[in-house]
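Worksheet for the structure shown next.
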Amino acid sequence: MTTEGSFIQPAIPRFDGHYDHWSMLMENFLRSKEFWGLVEPGYIEPASDSVQTDAQRKKNDDLKLKDLKVKNYLFQAIDRTVLDTILKKDTAKDIWDTMKKKFEGNARVKRSHLQALHREFETLEMRTGEGVTEYFSRVMTVANKMRIYGENMQDVKVVEKILRSLTEKFNYVVCSIEESKDIDALTVDELQSSLIVLEQKFQRHKGEEQALKVTSEGGRGRGRGTYRGRGRGRGRADFNKATVECYRCHQLGHFQYECPSGNKEANYAELDEEEEMLLMSYVELYKARREDAWFLDSGCSNHMCGDQTMFNELDENFRH
3 MTTEGSFIQP AIPRFDGHYD HWSMLMENFL RSKEFWGLVE PGYIEPASDS
53 VQTDAQRKKN DDLKLKDLKV KNYLFQAIDR TVLDTILKKD TAKDIWDTMK
103 KKFEGNARVK RSHLQALHRE FETLEMRTGE GVTEYFSRVM TVANKMRIYG
153 ENMQDVKVVE KILRSLTEKF NYVVCSIEES KDIDALTVDE LQSSLIVLEQ
203 KFQRHKGEEQ ALKVTSEGGR GRGRGTYRGR GRGRGRADFN KATVECYRCH
253 QLGHFQYECP SGNKEANYAE LDEEEEMLLM SYVELYKARR EDAWFLDSGC
303 SNHMCGDQTM FNELDENFRH
């Protein structure tokens, strides 16, 4: 808990073997303390036999004290096993330069790393089922590594890469963004925010479809089913009717055509859970009409047609 006017001291970045990342953090840390001038160009201690004024002596003493503070930060940041390999550590600049020579690598090694990162960046693709946040994290990890090795990775390059490597469900979104927005002015954060909103809409829509499917499947077997036969048809049920609700009396255990409260019987089709089919009937109509026509089975319990002659049997008393 802090009191008014106080603040939490930032943690000293620990060297974990990744020099480029550590040096970036350490440099920022020392700049925030206003000590970076002790690393570049560094503190040079005056010769012992040099003649100094009181003002010069005081200034040198202040610089030496600050250099000791920077050395203390570096000692805390670097593991003992690494410090033991540094022979010259009289000043903070000595330690910093030695770390740079040991771990930064030469220009050829850096070019090799950058080429490998270029290949990785170009082959990045959003995986099926991968979230927007996860994919952006993968892309930005590679992009930031390229920046560390000297690549000029502007936002527009990352934005264009992401737009061309999203999964197919984002295709229309990509077209809309390219048409309506200035890609050069679009930041990575703005693009990520827009895609996350769309992803949430996709997930809600998918959830609604699944709920509708469950509701639809749960309601099957209430007297409706796939039509079987050539116009008469009663399919044979091979399931338990205990869950079937009659549309006439709304009691369980029988279909509407079996209802004891009804006087007439119509041609109802029953549901066969083992197999679903779509029946089509081809007929030749009168020459005054189209000669070829197809009628699709609607899957309804009652079947209708505008031409009375098409029925083998027709009960005109049934009006339900």
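In this text, residue positions in the sequence shown follow this note's numbering: the first is 3, and each later residue adds one.
By construction, the Cβ of each residue, glycine as well, lies at the ideal position given by its N, Cα and C atoms.
Bear in mind the structure is a predicted one, so any value in this text is a computation, not a measurement.
Cα-Cα separation, residue i to residue j
i	j	result
Leu188	Glu181	13 Å
Lys203	Arg33	44 Å
Asp186	Asp63	52 Å
Thr93	Gly133	49 Å
Thr143	Glu136	11 Å
Leu116	Leu197	29 Å
Ala145	Glu106	19 Å
Phe313	Val199	54 Å
Lys73	Leu40	10 Å
Glu60	Thr87	As written in the sequence, residue 60 is Lys, which differs from the Glu given in the question. So the alpha carbons of these two residues sit roughly 34 Å apart.
Lys71	Ala49	21 Å
Arg113	Asp18	22 Å
Leu193	Val161	7 Å
Arg82	Arg129	43 Å
Phe77	Leu85	8 Å
Leu89	Lys147	30 Å
Glu153	Leu119	10 Å
Gln156	Lys91	38 Å
Arg110	Phe172	40 Å
Glu122	Arg140	10 Å
Lys95	Gln205	55 Å
Lys183	Lys208	28 Å
Glu47	Lys104	25 Å
Leu179	Thr125	Checking the sequence shown, residue 179 turns out to be Ile, not Leu. Whole-angstrom Cα-Cα distance: 22 Å.
Val53	Val190	58 Å
Own chain, CB closer than 8 Å to residue i, minus 5 neighbours either side, in chain order
i	result
Lys102	Tyr21 and Ser25
His23	Ile150
Pro12	Phe31 and Ser34
For residue i, three-class secondary structure by DSSP
i	result
Glu42	coil
Ser34	helix
Cys177	helix
Asp86	coil
Gln54	coil
Asp81	coil
Asp18	coil
Phe204	helix
Met155	coil
Asn314	coil
Met128	coil
Arg110	helix
Ser195	helix
Asp167	Sequence inspection shows Ser at residue 167; the Asp mentioned does not correspond to that position. Three-state DSSP puts Ser167 in coil, outside helix and strand.
Asn74	helix
Lys91	coil
Ser182	helix
Ser263	coil
Asp309	coil
Close-in-space but distant-in-sequence residues of the same chain around residue i (CB under 7 Å, 5 per side omitted)
i	result
Cys248	Gly225, His256, Phe257, Gln258 and Cys261
Val176	Leu165 and Leu168
Met28	Pro15 and Ala79
Val158	Ile185 and Asp186
Thr311	none
According to DSSP, residues forming a beta bridge with residue i
i	result
Leu254	Glu247
Other residues of its chain near residue i: CB distance less than 6 Å, five sequence neighbours each side excluded
i	result
Leu65	Tyr45
Glu201	Val134
Leu316	none
Phe138	Gln194
Test: residue i CB closer than 8 Å to a CB of chain C
i	result
Asn74	Of the chains in the structure shown, none is chain C; there is only one protein chain.
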